[in-house]
């Protein structure tokens with residue numbers, strides 16, 4: 074999905090609401106560009122929604138482990154420690 078926005082274009086046939094299409098043309102809208110942008114947005118939204126669903130269990134396990142054990146870097150983060158702990162380090 075890295076190059077989805079830069080992929081080559083392909084001609085397709087679409088069936089659209091005639092009234093909406095007429096109104097869009099009257100407004101000077103670029104139909105291809107508008108449909109492409111909206112379709113790209115929806116494809117990306119659904120892609121990441123599916124990714125989140127497919128990986129929900131792994132993410133939950135990871136978050137539970139971090140909650141239990143903390144992060145490896147916790148002991149090196151001086152900006153998050155109380156001042157009394159910083160003096161001891």
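Residue numbers (my numbering): 74 to 162.
Cβ atoms here follow ideal geometry from the backbone N, Cα and C, with glycine treated the same way.
Per DSSP, residue 100 is not a residue of any alpha helix (DSSP H), being assigned neither H nor E. Residue 145 and residue 135 have their alpha carbons spaced roughly 13 Å apart.
Taking a C-beta distance under 8 Å as the contact criterion, residue 138 and residue 113 do not qualify as a contact pair.
At a Cβ-Cβ threshold of 8 Å, residue 97 and residue 104 count as neighbours. DSSP places residue 136 in the uninterrupted alpha helix (DSSP H) bounded by 129-142.
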